[in-house]
Amino acid sequence: MRAHSIRRRVLSFVLILCLLVPFAAVSTSASAASEGRAVGAALSAADFPRGAVTTPVLLNGDEVLAGECYRLDGVTYVPLRRFCDIFAPNGTMTWDGTTSTARFRTDKLDLSVRVGRLYITANGHSLYTVGAVRNLAGHLYVPIRPLARAFAAALKWDAAAGAVDLTRTSGSSAIARASYDADEVYWLSRIISAEASVEPFVGQIAVGNVVLNRVRSREFPNTIYGVIFDRKHGTQFSPVAFGTIYETPEPSCVIAAQICLEGYSVTDTALYFFDPDLSTSDWISRNCVFEFRIGSHEFYH
């Protein structure tokens, strides 16, 4: 009876293993497949978003990623994994399904790309993408301009040919490490957050642009701190009067500040902005030229 009982237990254990192994294999394969799709080969034109136009991309005069790149709303998108493989075939790509983030690393570059974001990070730089990072059926597509910059490649749009021309730069295979001025990021991020923390991301960038436009203008102080705390014609920014300028900035506003300091500009001319629904004065609208509205803010010069 004891031997029979042992054999029966062994058979039961083997049967359980046989039942569990296929499920474990499916789970592992599904995870691997998900990672593979997210960072793998590009799609065909039939899979592109509605309104997208297949766009040639040339590298040093030769077309690459033929038929795999598209242009939508003025932004050219390329498949992340295959683009990275062209510039750094020995790099390592990983995928975090929890945050929908791909990370590509070489000995000279650390690149992070998150689905839905309007920026990528490369060696500590925050690079604005204009169009959001897309996940098309598990394949990451990223605007080409910031990617080219990450790999230290020169980019030119050939309007006549409707194509993107890339050129490898000699002596460098990746963007240099970021070296933002800590004081500039500190104050620019705080004024952006105090004025526009609930505004669209591009609106946060626009607020930062206004501050930097003032820095470059002869009419205002020539530092970010000086512009923010300028009292020549009264308090210029209400957060200075209310004290909210000293509050910890929202993370998106820190990124927006870095993007402004990278040189990206929604406007090179706006010197004023205000919320017409909250402002107690209409001086700006009566005395300045309207440029555009983003969210609740109107921008003027």
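Mapped onto my numbering, the consecutive letters of the sequence shown carry residue numbers 18 to 318. Think of the CB as a built atom: it goes at the ideal place given N, C-alpha and C, for glycine as much as any other residue.
Counted as a single uninterrupted DSSP element, the stretch harbouring proline 268 is not any beta strand (DSSP E) but the alpha helix (DSSP H) occupying residues 268 to 278. Rounded to whole angstroms, the separation of the alpha carbons of valine 306 and phenylalanine 121 is 45 Å. Valine 159 and isoleucine 192 have their C-alpha atoms roughly 17 Å apart. Residue nearest to glutamate 315 within the set Gln221, Tyr203 and Leu75 is Gln221 (criterion: CA-CA distance). Distance from the CA of leucine 60 to the CA of aspartate 247, rounded to the nearest whole angstrom, comes to 52 Å. Contact holds between the region 257 to 277 and the region 205 to 224, because three or more Cβ pairs, one in each stretch, are under 8 Å apart.
The C-beta distance from alanine 287 to tyrosine 317 rounds to 6 Å, short enough to fall under 8 Å. The DSSP-derived three-state label of leucine 128 is strand. If the five residues before and after proline 238 are omitted, its C-beta is found closer than 6 Å to the C-beta atoms of Val244 and Asp247, all from its own chain and listed in chain order. Take valine 202, set aside five residues on each side of it, and the residues of its chain with a beta-carbon closer than 8 Å to its own are Val271, Ala274, Gln275 and Leu278, in chain order.
DSSP, read as helix, strand or coil, puts aspartate 200 in helix. Going by C-alpha positions, proline 217 is about 15 Å away from threonine 284.
Residue pairing by DSSP leaves valine 215 without any beta bridge partner. Secondary structure at valine 95: strand, using DSSP grouped into helix, strand and coil. Looking only at Ala180, Leu157 and Leu126, the smallest Cα-Cα distance to leucine 75 is reached by Ala180. Taken through DSSP and simplified to helix, strand or coil, alanine 119 comes out as strand. Using a Cβ-Cβ distance cut-off of 8 Å, the region 133 to 152 and the region 105 to 112 are not in contact, since fewer than three pairs of beta carbons, one from each stretch, lie closer than that value.
Scanning Leu135, Ile103, Leu126 and Thr93 for the CA closest to the CA of asparagine 77 turns up Ile103. Selection Val92, Gly91, Asp79 and Phe100 evaluated against glutamate 85 yields Phe100 as nearest (Cα-Cα).
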